[in-house]
Structures are given as C-alpha cells and as structure tokens.
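First comes the structure, then the notes that go with it.
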C-alpha cells in the first residue's frame, strides 16, 4: 500500500506515515503497545464501539470507547489496513482496504461487526487501495480510491468498476469524501506525476474535473471533509488548510497549518481540528480563520495521521499516529491521554538478546525508535535518540559479545552505537542505503561488518575500531543488489557469508573479496542466514520465495529443505543447546519448527496472532524461551519452545 494514500470523512478516516513516540513505558499485551494507526470507524448508534485500522496490526475493536482493544482480523489476507468504512445504516457491516504483497490492494467486508472478513475485490486493479467512502443514501454504493484512480461498486463490493473518467493517467487517489446531502457530489485529493490537486465529480464518479491548478510540484490534498450540516462547505488539507463554499468548485487557500489529519465537529460547523508531523493538534472555532494548539498530553514530535470525532458526543475525539497508537480527548481537545491497552501494532524490524543477562531484550522498530525490556518482554521502555538524528527504521541490531553494554543499530545509511545499554547514542554516517544487517566478529568484537549497497553495488562496510571509522569492502559482490544478511564463521572469523538480492556470497579474507556460492542459480534474495553453533560446516539460508536451503560444507554445496517455495524466510535461528531444533520465521505463515536438523517442519503458531514474523531470537540459557518479532503486532514470546505464543 502506498504511503501516499490518506483519507478523511465523517466516520471513515485513513492515513499513513512515520513519527516518534511520546511515552516512555509500554505494558505487555503480546508485545509493546501502540503502533501505526491508519483509520477509524465509529459506530454512529453506539459510539463506545469503534474500530481502528493499523499499519501492520490488522483491525482492532473497542467496545468501551477505546479503553481496551481486541484484534478482529480473521480472514484478512494482510494486516496492513489502509482504510476502514462503516455502513451508516447497518453498523455491523464494515469494509477494509488492505495491502497485500503479491496481489496489491484489496477490499474486505465484514457483516458481523468485524468477527470475520471476506475479500470483495472483483474488478479492482492490482495497485493499492486507499480511501473508502459509502454513499449515505444508498449504502451498497461504495467508492475506493486506488493508485489507478477511483473505483466504484453498486452491490456492496461484489463487483467493482472504474469510475475515474477525466482524471489524468496514473492518478493516485489519496483522499475522498461524499457530500452528505447530495451524494452525487464527490471530492477527491489526488497525486499525479510530480504534482497533485483536487478533483470534483457531480455525477457519482462518472466524470471528474480537476478544480485546482495543474502545475508541477503542487501538493496533493491529504484530507478532505464536507461540513455535515452544509454540503456547500468543504475543507481540504492542500497548500495549508483550504476552504470551499460552493461544494468544492472553487477554493480559498492558506487558511491554516497544513496537516495530514482533518476533522469537522458534526454539531458545530465552525469547529475543526487538524494534526500532522510535529504539529500536534490545532483547533479552530471560527471556520478556519484562526487556529490554536490543543496538544496537552501529546509529544511535540508526534506525527498525527488521522482524527475522528464521536458523532454523538463531539467533545470526545480520537487521534491516531504512526507509532504511538491511539490518543483520546473527552474535553474537546483540551487534553489527551493514550488509549492503547491491548492495541499492539508495532512493526518489529530486529531483536537482540543481551548475552550477559538474558532478561534484557532489545527491539528495533520500523518507526524510528528502539525498545528495551529488562523482564523478558513483560514491559518495554523507549531508549534515547542520538543527538542530531531521529531514529528511523532500525533494520538491524547487534550486541558486543564481550561487553553487552555496547550495542550497534543499523538505520538508513547510518550505524548507531551505544556504550550504555541504549541510554545514549553516537552515529556514523555511511554511504549507501539501509543497513539491513550487522555482524560482530566473535573473537575480536572491535571488528564489525554492516551490509548495504553503494552506487548500485552490494557492499559490506567494515570497521576495525569499534565503529569509529568504516571501509567499503565489495570486490566480487553483485551490482544492483543490497547485502541483506550476514553471518561470520565463529571458528574462522575471516570467513563471512553475505546474503544479497542476487544470491549468497562468501569471503575467506575478512571481506576483502567475495565469490558467489549459490544456493541455486536464479535464486535472487537471500534474506536470512544461520550457522550451526556446534558445527560451523552446517548452515542454513532462507530466501525470498525461493525456498530454504542447507549446506554441510561451509556453503560449497546446498540442498533444498522443507516446502517454503512460496514464502519469504525472514529469520532462521538454531537452538544452541540442541542444534537439531531449528526455527524459521516467514512473512505470511508465521513460525515453522524442525526437530531433525531441517528434514521436516511443522507450523507452530498457536497464539501467534500475526503471521508476518520478521525476526526471531532464542534465549541461550533457556531454550524453551523463544521470541518472535512480528511486522505489525509487536513481540510474541513462547515459554515452551515455540509450541504456544503469547
């Protein structure tokens, strides 16, 4: 799903983006609470019932006004939810726009208040699905903004058809709203080429006309919303807050701060709220002429992506961020409190266990922060950000095996180093892309390797002074690829393996030169590597939809094991105490376990809600304790060797 797509209207709100968290401690509920919120849907008859769509955590439901949340994602093919829409006449009917890796965007429908979902995507394009809007006069008539314009269904999602005549080719619809008392009128914020603007239709989407200038580098309208009491009044977040008094035909711009989120009080047309990156919440009570900050209880760095207002009690508001989850106000935005109990939608990129104290676990996230637990994942705390940089996507973590206070984290073109257990950080800029993997020499831990790419060539960056300075080492590595995984032979630290986007490579001279070793011709992405901790001749390589492979002669020959051809093996871990036990974390089927050195495999997902497992770790002192970092539902822990998860 494109991060460009955002939508806001009366009950359905959609958004996506990045931010930095505001609270310091998370309470365990399958993992750290919070995460990226893309959309809200509030029951207009019983407003204690509301739903959130999340960026990786699926759909969650609250029946007590956001005090507690439960996952409601049964039947969804992906947990990346871009938008939610609730039938205003039958609130048990909901629609969810989701993003799937293989088939692109889809729409799913629930007729039982979110308990089960079914795909309703016939006729939709393969691109992403963004905002959804339901005709209030005929609720089987639904519109979907996509990466290929607007699509429409007249039968509750059974069949979709294109409805974007007049839009420029390759138009991405980012926001969409229907006039409440004239449902033939629609307004859409869109991006096209290197520009953006606002489209308008007066015939239920049959024809569209661009009503803002078509000039290069103009922004798209991240959010559009009609006044529920007067359809002539429309607001949009476009070049600041802009306003139309003729149902979207003409616009007055620069009336207020430009935020990604926008909502209008259903009981007071002059009261609006907006929010965005480092903007907090701003409120106007005079129709947009003047705006005041209303962010007590919110972080100054928070990126607010969506705002929803209780349709019955408009002093109650909800906001969703891309990391912090949900915040609620019951006093018309005068103050805010977090409402995330049970809401776990954190995208975990990397995990690392402290070798000297296995109660301590670190988790790198996809939304600019690092988490630490000192009680085996019962509670989590956010660690300090390095001076001069906000944490971005923390792709990789590695802990010095001889001094566990020293931690390295890989981000975008940056390696971060902490010498005090994550409380403070230094950074070293590297040329190249994301540092997706870091490996520390187990014999000489001042020698560190970081995988990336530079000038279109896969690259291993090497430091011999504890990360103070770095050298490029890429001779023999392929062009057009990135180093995704690294492993060091613990018996011979000059022998390294690098999984790249074009296969597996081996170095026997400390990364000075590399040669291709498989695992098969035509296998592209080697996403994960593991060396047997007892027999370094034996190693495993997991690929992106190419299968799982095993070598018993240090990578010179490989055999395919298991039935993993349609999966991406994101993580492989081996029990250091019983090396016949091997775990594989996949991108869509959860965790697999082998008890016979990889000869046979079983799925072990009891209690593991999210099937996208990005990273895994095993407690070296207690093999029954296994951690799974999911891409959207935080960290899960098993106390029985992966048989059950919580």
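Numbering (the numbering used here), first residue to last: 12 to 657.
No residue lacks a Cβ here, since even glycine has one placed at the ideal position from N, Cα and C.
Own chain residues within Cβ distance below 6 Å of residue i, not counting five before or after
{"i": "residue 322", "result": "55 and 277"}
{"i": "residue 458", "result": "452 and 475"}
{"i": "residue 327", "result": "321 and 341"}
{"i": "residue 612", "result": "573, 603 and 605"}
{"i": "residue 72", "result": "62, 81, 83 and 125"}
{"i": "residue 570", "result": "561"}
Same chain, Cβ closer than 8 Å to residue i, five either side skipped, listed in chain order
{"i": "residue 589", "result": "634"}
{"i": "residue 169", "result": "131 and 133"}
{"i": "residue 228", "result": "205 and 206"}
{"i": "residue 424", "result": "440, 441, 442, 443, 444, 445, 446 and 463"}
Three-state class that DSSP yields for residue i in the structure shown
{"i": "residue 31", "result": "Its pLDDT being 26, under 50, residue 31 is placed unreliably in this model, and the value from its coordinates should be taken loosely. Here residue 31 sits in coil by DSSP."}
{"i": "residue 8", "result": "Outside the displayed range of the chain (12 to 657) lies residue 8, so it cannot be described from this structure."}
{"i": "residue 391", "result": "strand"}
{"i": "residue 588", "result": "coil"}
{"i": "residue 174", "result": "coil"}
{"i": "residue 362", "result": "strand"}
{"i": "residue 120", "result": "strand"}
{"i": "residue 415", "result": "coil"}
{"i": "residue 313", "result": "coil"}
{"i": "residue 339", "result": "strand"}
{"i": "residue 272", "result": "strand"}
{"i": "residue 9", "result": "Here the chain comprises residues numbered 12 to 657, so residue 9 is not present and cannot be evaluated."}
{"i": "residue 243", "result": "strand"}
{"i": "residue 290", "result": "coil"}
{"i": "residue 225", "result": "coil"}
{"i": "residue 191", "result": "coil"}
{"i": "residue 437", "result": "strand"}
{"i": "residue 508", "result": "strand"}
{"i": "residue 535", "result": "coil"}
{"i": "residue 103", "result": "coil"}
{"i": "residue 495", "result": "strand"}
{"i": "residue 127", "result": "coil"}
{"i": "residue 323", "result": "coil"}
{"i": "residue 216", "result": "coil"}
{"i": "residue 157", "result": "strand"}
{"i": "residue 281", "result": "coil"}
{"i": "residue 554", "result": "strand"}
{"i": "residue 303", "result": "strand"}
Cβ-based burial, residue i [other Cβ within 10 Å; buried from 16]
{"i": "residue 93", "result": "buried"}
{"i": "residue 339", "result": "buried"}
{"i": "residue 482", "result": "exposed"}
{"i": "residue 226", "result": "exposed"}
{"i": "residue 642", "result": "buried"}
{"i": "residue 181", "result": "exposed"}
{"i": "residue 389", "result": "exposed"}
{"i": "residue 216", "result": "buried"}
{"i": "residue 84", "result": "buried"}
{"i": "residue 246", "result": "buried"}
{"i": "residue 601", "result": "buried"}
{"i": "residue 576", "result": "exposed"}
{"i": "residue 304", "result": "exposed"}
{"i": "residue 581", "result": "buried"}
{"i": "residue 428", "result": "buried"}
{"i": "residue 610", "result": "exposed"}
{"i": "residue 485", "result": "buried"}
{"i": "residue 75", "result": "exposed"}
{"i": "residue 467", "result": "exposed"}
{"i": "residue 472", "result": "buried"}
{"i": "residue 163", "result": "buried"}
{"i": "residue 261", "result": "exposed"}
8 Å contact criterion, which residue i and residue j should meet: CB distance rounded
{"i": "residue 82", "j": "residue 117", "result": "Between residue 117 and residue 82 the Cβ distance is about 19 Å, and since that is not below 8 Å, they are no contact."}
{"i": "residue 317", "j": "residue 60", "result": "That pair is no contact at about 18 Å."}
{"i": "residue 270", "j": "residue 259", "result": "In fact, because the Cβ distance is near 19 Å, the residues do not count as touching under 8 Å."}
{"i": "residue 655", "j": "residue 640", "result": "Not a contact, Cβ separation roughly 17 Å."}
{"i": "residue 488", "j": "residue 511", "result": "7 Å"}
Residues near residue i by beta carbon distance below 7 Å, same chain, minus five either side
{"i": "residue 416", "result": "430, 431 and 432"}
{"i": "residue 129", "result": "86, 119 and 120"}
{"i": "residue 651", "result": "635"}
{"i": "residue 630", "result": "364, 369 and 636"}
{"i": "residue 521", "result": "505"}
Proximity test, residue i beta-carbon vs the ligand FMN heavy atom, cut-off 8 Å
{"i": "residue 183", "result": "The model on display carries no ligand, and the ligand FMN is accordingly not part of it."}
Meets three-Cβ-pair contact criterion under 8 Å: the region 520–529 and the region 539–548: At 8 Å Cβ cutoff, the stretches do not touch.
Counting Cβ pairs, one atom from each stretch, are 3 or more of them under 8 Å apart for the region 97–108 and the region 363–374? no
Could you tell me whether the region 556–575 touches the region 638–655, using the rule of 3 or more Cβ pairs below 8 Å? no
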